[in-house]
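So the structure is just underneath, and the comments pick up after that.
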Amino acid sequence: KAGVTQTPRYLIKTRGQQVTLSCSPISGHRSVSWYQQTPGQGLQFLFEYFSETQRNKGNFPGRFSGRQFSNSRSEMNVSTLELGDSALYLCASSLEGRTNTGELFFGEGSRLTVL
Amino acid sequence: AQSVTQLDSHVSVSEGTPVLLRCNYSSSYSPSLFWYVQHPNKGLQLLLKYTSAATLVKGINGFEAEFKKSETSFHLTKPSAHMSDAAEYFCVVRGPYTGGFKTIFGAGTRLFVKA
Numbered sequence: 044k045a046g047v048t049q050t051p052r053y054l055i056k057t058r059g060q061q062v063t064l065s066c067s068p069i070s071g072h073r074s075v076s077w078y079q080q081t082p083g084q085g086l087q088f089l090f091e092y093f094s095e096t097q098r099n100k101g102n103f104p105g106r107f108s109g110r111q112f113s114n115s116r117s118e119m120n121v122s123t124l125e126l127g128d129s130a131l132y133l134c135a136s137s138l139e140g141r142t143n144t145g146e147l148f149f150g151e152g153s154r155l156t157v158l
Numbered sequence: 076a077q078s079v080t081q082l083d084s085h086v087s088v089s090e091g092t093p094v095l096l097r098c099n100y101s102s103s104y105s106p107s108l109f110w111y112v113q114h115p116n117k118g119l120q121l122l123l124k125y126t127s128a129a130t131l132v133k134g135i136n137g138f139e140a141e142f143k144k145s146e147t148s149f150h151l152t153k154p155s156a157h158m159s160d161a162a163e164y165f166c167v168v169r170g171p172y173t174g175g176f177k178t179i180f181g182a183g184t185r186l187f188v189k190a
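Chains as they are written, first to last, in the numbering used here: chain A, 44 to 158; chain B, 76 to 190.
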C-alpha cells in the first residue's frame with residue numbers, strides 16, 4: 044500500500060511569490076491534515092480536511108489556505124511568501140471513524156525555502 | 076484542554092545503554108497517545124500508540140512506553156540504544172473534538188547516541 048506522497052520535496056521561492064504544495068493520502072484515508080515545522084516553533088497545525096471540508100484550522104494568517112478534492116488529495120497554498128514561511132511542510136492522512144485510533148500517517152514533507 | 080510536555084529537549088546516551096525519553100500530558104478526557112520518530116529531512120514515523128488498552132505498549136525497533144494515568148505520563152524507553160536510534164522523537168496527544176480529532180505535538184526530544 045503506497046504511503047502519503049507529497050510533492051514537490053524541495054522548492055525555492057522568493058518573497059512575494061506564492062506556492063502550492065500537494066499531498067496524496069493513503070488510499071481509503073479521507074482525513075488530511077497539514078503541519079508546518081520550523082526549528083524555532085516546532086510542529087504547528089495548519090488545517091485539517093475531511094471529505095472536502097475544512098474541519099479545523101490552526102492559528103495561521105489567511106495567506107495560508109488549503110483544499111481537498113473528491114479523491115481526498117489535498118493542496119495547500121501560501122500567498123505573498125515571507126522569509127518566515129521557510130519550513131518543512133508535512134502532510135498526514137488518517138483513517139477516521141468511530142473506532143479508529145486517530146493514528147496519523149505522515150509524508151516526507153515539502154521543504155520550502157524563501158529567499 | 077490538551078497539552079504535551081517533553082521534559083528534555085536533548086538526551087545523550089552511549090550505544091548499548093538504556094534510553095528514556097519523558098513525556099507528560101494533560102487532557103480533559105482519555106486521549107490517544109503516540110510516539111513518533113523523525114530522522115533528518117524525513118516525515119514522522121509512528122513508533123507506538125496507546126489507545127486505552129494495555130498500559131505497557133510495545134512498538135517498533137525495541138521501543139516501548141508505559142501509560143501512567145496517575146502521573147499523566149507516557150515515557151518512551153528502550154533497553155539498549157543503537158546508533159540508528161539517533162533522531163528526534165515527538166510525543167503526540169490526539170483526542171476527539173467536534174467532527175474529528177485534535178492533535179497536539181510535544182516540542183520534541185533530540186536523541187544523541189555515542190559510539
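Glycine included, C-beta positions come from ideal geometry on N, C-alpha and C.
Starting from the beta carbon of Glu151 (chain A), find every residue of chain B whose beta carbon is closer than 9 angstroms, and list them in chain order.
-> Asn116, Lys117 and Gly118
Hey, is Ala140 (chain B)'s beta-carbon within less than 8 angstroms of any beta-carbon in chain A?
-> no
Reference Tyr125 (chain B), options B:Gln113, B:Gly118 and B:Pro106, closest by Cα | B:Pro106
C-alpha distance - Glu91 (chain A) paired with Phe103 (chain A), whole-angstrom precision = 13 angstroms
Hey, Ser67 (chain A) and Ser137 (chain A): beta-carbon distance below 8 angstroms or not?
-> no
Could you have a look at Ser84 (chain B) and say whether DSSP puts it in helix, strand or coil?
-> coil
Which partner residues of Tyr164 (chain B) appear in the DSSP bridge assignment?
-> B:Val112 and B:Thr184
Between Val157 (chain A) and Gln61 (chain A), which are expected to be in contact by the criterion C-beta below 8 angstroms, what is the C-beta distance as a whole number of angstroms?
-> Rounded, the Cβ-Cβ distance is 11 angstroms, inconsistent with contact.
Does the count of Cβ pairs from the stretch 81-95 of chain A and the stretch 85-101 of chain B closer than 8 angstroms reach three?
-> no
Candidates A:Ser129, A:Phe148 and A:Gln97: closest to Glu118 (chain A) by CA position | A:Gln97
Beta-carbon neighbours of Ser76 (chain A), restricted to chain B and to distances below 8 angstroms = Thr178
Have a look at B:Ala190, B:Leu82 and B:Leu123 and flag the residue whose alpha-carbon is nearest the alpha-carbon of Met158 (chain B).
-> B:Ala190
Can you say whether Glu163 (chain B) is buried or exposed, counting buried as having 16 or more other CB atoms within 10 angstroms of its CB?
-> buried
Using a Cβ-Cβ distance under 8 angstroms, would Leu64 (chain A) count as near chain B?
-> no
Uninterrupted beta strand (DSSP E) stretches inside the stretch 49-97 of chain A (no shorter than 3 residues) = 53-56, 62-67, 74-81 and 85-93
What number of angstroms, rounded off, separates the C-alpha of Gly150 (chain A) from the C-alpha of Ser76 (chain A)?
-> 11 angstroms
Since I believe Ser153 (chain A) is in contact with Leu89 (chain A) (beta carbons under 8 angstroms), could you give me their beta-carbon distance rounded to a whole number of angstroms?
-> With a Cβ gap of about 12 angstroms, Leu89 (chain A) and Ser153 (chain A) do not count as contacting.
So what does DSSP say about Gly109 (chain A), is it helix, strand or coil?
-> strand
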